[in-house]
Amino acid sequence: MRRQESTNTGGSFRQLLRIRKVVVGASVFLTILLFCVVVPLTNQKRVTYQYLRCRFLPPGTTCSSVGLVLMGTDALGRDLTYRIASGGCYSIGIATITALLSALIGAVLGIVAGFFGGKVEGAIMAVADVQLALPTILVALLLVAVLGPGVRNLVLAMVATGWAQHARLTRARVLAVRGEYYVEAARAIGVPNIRILFRHILPQTYNVILVLLTQQIGWYIMVESSLSYLGLGVQVPAASWGNIAAAGRDYLSSAWWISTLPGLMLTAAVSSLFLLGDGLRDFLDPRLKHFAK
Amino acid sequence: MVGYLVGRGIRIFLSFFAITTIVFVALRFAPGDPAMLIGGDGVGPEQIALVRHEFGLDRPILLQYGEFLSELFQGRLGRSLTGRVPVVALISKALPKTLLLAFSAWILSTAIALSLGLYAASHRNSVGDLIAVGIAGIGRGLPDFWVAIMLLMVFAVRLRWLPVLGGSITHMILPTITISIQVISLTLRIVRDSLLEVLGMDYIRTARSKGLPERTVILKHAFRNALIPVVTVLGLRLASLIGAGMVVTETIFNWPGFGNLFLRSIQIQDYPTVQGCMIVVAGIFLVLNLAVDVIYVTIDPRVTYK
Numbered sequence: 002m003r004r005q006e007s008t009n010t011g012g013s014f015r016q017l018l019r020i021r022k023v024v025v026g027a028s029v030f031l032t033i034l035l036f037c038v039v040v041p042l043t044n045q046k047r048v049t050y051q052y053l054r055c056r057f058l059p060p061g062t063t064c065s066s067v068g069l070v071l072m073g074t075d076a077l078g079r080d081l082t083y084r085i086a087s088g089g090c091y092s093i094g095i096a097t098i099t100a101l102l103s104a105l106i107g108a109v110l111g112i113v114a115g116f117f118g119g120k121v122e123g124a125i126m127a128v129a130d131v132q133l134a135l136p137t138i139l140v141a142l143l144l145v146a147v148l149g150p151g152v153r154n155l156v157l158a159m160v161a162t163g164w165a166q167h168a169r170l171t172r173a174r175v176l177a178v179r180g181e182y183y184v185e186a187a188r189a190i191g192v193p194n195i196r197i198l199f200r201h202i203l204p205q206t207y208n209v210i211l212v213l214l215t216q217q218i219g220w221y222i223m224v225e226s227s228l229s230y231l232g233l234g235v236q237v238p239a240a241s242w243g244n245i246a247a248a249g250r251d252y253l254s255s256a257w258w259i260s261t262l263p264g265l266m267l268t269a270a271v272s273s274l275f276l277l278g279d280g281l282r283d284f285l286d287p288r289l290k291h292f293a294k
Numbered sequence: 150m151v152g153y154l155v156g157r158g159i160r161i162f163l164s165f166f167a168i169t170t171i172v173f174v175a176l177r178f179a180p181g182d183p184a185m186l187i188g189g190d191g192v193g194p195e196q197i198a199l200v201r202h203e204f205g206l207d208r209p210i211l212l213q214y215g216e217f218l219s220e221l222f223q224g225r226l227g228r229s230l231t232g233r234v235p236v237v238a239l240i241s242k243a244l245p246k247t248l249l250l251a252f253s254a255w256i257l258s259t260a261i262a263l264s265l266g267l268y269a270a271s272h273r274n275s276v277g278d279l280i281a282v283g284i285a286g287i288g289r290g291l292p293d294f295w296v297a298i299m300l301l302m303v304f305a306v307r308l309r310w311l312p313v314l315g316g317s318i319t320h321m322i323l324p325t326i327t328i329s330i331q332v333i334s335l336t337l338r339i340v341r342d343s344l345l346e347v348l349g350m351d352y353i354r355t356a357r358s359k360g361l362p363e364r365t366v367i368l369k370h371a372f373r374n375a376l377i378p379v380v381t382v383l384g385l386r387l388a389s390l391i392g393a394g395m396v397v398t399e400t401i402f403n404w405p406g407f408g409n410l411f412l413r414s415i416q417i418q419d420y421p422t423v424q425g426c427m428i429v430v431a432g433i434f435l436v437l438n439l440a441v442d443v444i445y446v447t448i449d450p451r452v453t454y455k
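The listed protein sequences correspond, in order, to chains A and B.
For the first sequence, the numbering used here assigns the number 2 to the initial residue and increments by one for each residue that follows.
For the second sequence, the numbering used here assigns the number 150 to the initial residue and increments by one for each residue that follows.
As structure tokens, this is what we get:
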């Protein structure tokens with residue numbers, strides 16, 4: 002029987018490490034993640050504590066009450082190293098939860114649509130199409146406006162727009178796999194539907210979901226930060242890359258670092274995730290190059 | 150083709166209808182009484198009842214919905230809660246400003262992305278190619294709000310070359326660059342990838358072996374075929390530029406456009422205006438989607454619609 006699927010899963014971790022995009026993307030992202038998780042753990046209080054005598058300190062200076070401030074302090078004398086790290090935890094955490102929820106809901110609906118077809122498929126895809134007919138940020142803005150700002154509503158708003166991409170992609174994949182010979186063969190020897198779904202079709206969808214998931218995390222970090230920048234996401238005194246950058250807007254002429262540094266971290270995190278996603282796609286399934294967004 | 154267009158038209162109409170309904174229902178569940186918003190904090194229950202009556206908010210929701218639909222089909226979108234101005238008037242004042250910004254950013258980025266992409270693909274793995282790929286990679290991860298702040302800081306606050314606020318033509322430069330950066334990075338990549346794919350085709354080898362100059366091969370033979378995926382992206386980018394990309398940028402640069410209007414209406418809970426904005430964006434998005442599909446047929450004779 003001819004082998005139609007040429008996906009590289011299992012036992013090829015060393016091959017994966019040979020792809021430069023994956024290595025660079027993963028190491029940059031993991032470094033940022035480590036920084037964001039470890040730094041606030043060393044001293045939780047410093048994230049919000051205001052050293053009023055040490056306001057507007059440039060990066061790398063010292064102040065008697067704080068000691069060395071690697072990334073400077075803000076208008077209220079808070080240590081930006083800690084705020085940026087803690088903000089990163091929020092941004093990355095929110096984005097990851099959102100992407101996972103989107104993937105779960107979208108994949109389940111996409112599989113149901115692709116596998117069962119008929120009216121169920123029509124209904125699910127119609128809703129997804131309506132969802133995709135509107136720009137993500139607008140829908141998120143609308144939902145946050147209706148539900149009120151805050152982390153929970155932000156996640157809800159982003160999931161409400163994110164699942165449709167997963168649903169479309171997974172459905173397309175299921176449709177492609179459903180027509181393969183080995184599925185037909187399984188059916189011919191009397192394998193029940195549910196077993197065909199779980200044993201033969203589901204494993205073929207993991208790759209597309211994983212690639213989209215990685216890139217969605219990056220994308221959601223951007224959306225979360227934009228909404229937090231506009232004051233509709235993470236609320237102060239909690240830190241987020243978006244609201245730190247917003248707080249620095251009034252001091253662009255005197256304290257450049259407040260807005261600049263969180264943005265640099267954000268760009269590094271998002272770019273590394275996109276790079277990692279690209280690398281994973283090249284590795285897992287070269288044919289999908291023009292498939293995933 | 151005609152049959153296809155009719156089918157698509159019907160589906161677009163249905164999507165549009167679904168979106169307007171969702172927006173209408175969602176906003177009816179929004180917190181805060183619009184009547185309180187107009188009346189302010191110090192008004193008594195009688196005045197609130199009066200305002201509710203004036204905006205028809207005391208009637209059953211189905212009746213309100215029917216009225217909303219009949220207004221919609223007459224091209225009206227209700228009145229804004231603040232100042233009681235027709236929403237259509239607000240939007241038609243703001244939308245041209247956004248279109249001006251969106252089109253100039255779109256033209257600028259298309260020109261840059263096409264030429265850089267052409268160069269990168271035809272000089273694969275050269276220094277220029279690596280730079281182009283690098284720009285595209287980092288540009289994709291650059292958040293627009295941050296680009297906007299950085300441009301503002303460098304060119305308006307520090308160097309004082311450009312004004313921070315105001316309605317002049319120089320005021321347009323920074324927002325245009327902000328929006329262009331993202332569009333360039335996305336488009337550049339697709340132009341390059343798609344050209345590289347086409348350049349590997351057999352007919353390109355044929356053209357080269359005929360002895361045609363490389364210039365002709367790339368511009369005449371490869372470029373047109375590479376355009377197909379590019380058109381989709383450019384079209385959809387333009388749509389999302391008008392709809393969403395503008396919200397953050399316009400707010401930061403205080404550009405009196407559609408995105409600014411939308412965000413301000415959300416912040417002051419002016420729901421009729423929010424509703425109107427969403428409906429207009431959905432309409433633009435759906436129509437541009439269709440336009441992209443129609444352009445497909447024109448540039449790719451292999452694509453036919455039944």
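Ideal Cβ positions, reconstructed from N, Cα and C, are used throughout, including at glycine.
Give the residues of chain A in contact with residue 155 of chain B, contact being defined as C-beta atoms less than 8 Å apart.
Contact of residue 155 of chain B with chain A by beta-carbon distance below 8 Å is absent, the smallest such distance being about 18 Å.
Against chain B, does residue 275 of chain A count as a neighbour if the rule is that its beta carbon must be under 8 Å from one of theirs?
Among the CB atoms of chain B, one or more fall inside 8 Å of the CB of residue 275 of chain A.
Does the beta carbon of residue 397 of chain B sit closer than 8 Å to a beta carbon anywhere in chain A?
yes
If you draw a straight line from the alpha carbon of residue 410 of chain B to that of residue 271 of chain B, how long is it in whole angstroms?
44 Å
Would you list, in chain order, the members of the segment 239–269 of chain A that have their beta-carbon closer than 9 Å to a beta-carbon of chain B?
242, 243, 246, 247, 249, 250, 253, 254, 257, 260, 261, 263, 264, 265, 267, 268, 269
So for residue 56 of chain A, helix, strand or coil by DSSP?
coil
Mind checking if residue 289 of chain A is an interface residue toward chain B, Cβ cutoff 8 Å exclusive?
Since pLDDT at residue 289 of chain A reaches only 46, below the 50 mark, its modelled position is unreliable, and no value is offered.
Anyone know if the C-beta pair for residue 40 of chain A and residue 91 of chain A falls short of 8 Å?
no
What residues of chain A sit near residue 227 of chain B, judged by a beta carbon separation below 8 Å?
Result: empty, since nearest Cβ-Cβ is about 16 Å, beyond 8 Å.
Counting only Cβ-Cβ distances shorter than 7 Å, please list the residues of the segment 103–136 of chain A near chain B, keeping chain order.
For the segment 103–136 of chain A, the set of residues with a beta-carbon nearer than 7 Å to any beta-carbon of chain B comprises 130, 131, 134, 135, 136, in chain order.
Alpha carbon to alpha carbon, how far is residue 446 of chain B from residue 251 of chain A? Give it in angstroms, no decimals.
50 Å
Rank A:36, A:168, A:215 by C-alpha distance to the C-alpha of residue 110 of chain A and give the top, closest one.
A:168
Would you say the beta carbon of residue 188 of chain A comes nearer than 7 Å to a heavy atom of the ligand MG?
Summarising the ligand content, the structure contains no ligands, and the ligand MG is consequently not present.
Starting from the N-terminal side, write out each stretch of the alpha helix (DSSP H) that is 4 residues or longer and does not extend beyond the segment 125–207 of chain A.
The segment 125–207 of chain A contains these whole alpha helix (DSSP H) runs: 137–148, 152–179, 182–189.
Any idea which residues DSSP pairs residue 267 of chain B with across the strands?
In DSSP, residue 267 of chain B forms no bridge with anything.
Evaluate the contact criterion for the segment 51–62 of chain A versus the segment 112–130 of chain A: three or more CB pairs, one atom per stretch, below 8 Å.
no
Using Cβ-Cβ distances below 8 Å, what residues of the segment 211–231 of chain A are close to chain B?
219, 223, 226, 227, 230, 231
In whole angstroms, give me the CA-to-CA distance for residue 220 of chain A and residue 243 of chain A.
14 Å
Taking its Cβ as the centre, do 16 or more other Cβ atoms sit within 10 Å of residue 415 of chain B, making it buried, or is it exposed?
Counting every other CB atom within 10 Å of its CB across the protein chains shown gives residue 415 of chain B a total of 16 or more, marking it as buried.
Determine the closest residue to residue 211 of chain B out of B:228, B:174, B:224, with distance taken between C-alpha atoms.
B:174
Could you tell me whether any Cβ in chain A is nearer than 8 Å to the Cβ of residue 292 of chain B?
yes
In this structure, does DSSP put residue 7 of chain A in helix, strand or coil?
Because residue 7 of chain A sits at a pLDDT of 47, beneath the cut-off of 50, its placement in the model cannot be relied upon, and the point is left open.
How about residue 156 of chain A: is its C-beta nearer than 8 Å to some C-beta of chain B?
no
If residue 333 of chain B and residue 258 of chain B are in contact, beta carbons under 8 Å, what's the gap, nearest whole angstrom?
4 Å
Check the DSSP bridge columns for residue 80 of chain A and list the partner residues they point to.
A:74
Check whether the Cβ atoms of residue 197 of chain A and residue 81 of chain A sit closer than 8 Å, and answer yes or no.
no
Quick check: the Cα distance between residue 346 of chain B and residue 240 of chain B, rounded to an integer number of angstroms?
43 Å
Classify residue 307 of chain B as helix, strand or coil using the three-state DSSP reduction.
Helix at residue 307 of chain B.
Going by CA-CA distance only, name the one from A:35, A:202, A:17 that's closest to residue 113 of chain A.
A:202
Of all the options B:253, B:199, B:430, which has the alpha carbon lying nearest to the alpha carbon of residue 320 of chain B?
The residue from B:253, B:199, B:430 with its alpha-carbon nearest to that of residue 320 of chain B is B:253.
Can you confirm whether the segment 422–429 of chain B touches the segment 339–359 of chain B when touching is taken to mean that 3 or more C-beta pairs between the two stretches lie within less than 8 Å?
no
Does chain B have any CB closer than 8 Å to the CB of residue 138 of chain A?
Closer than 8 Å: yes.
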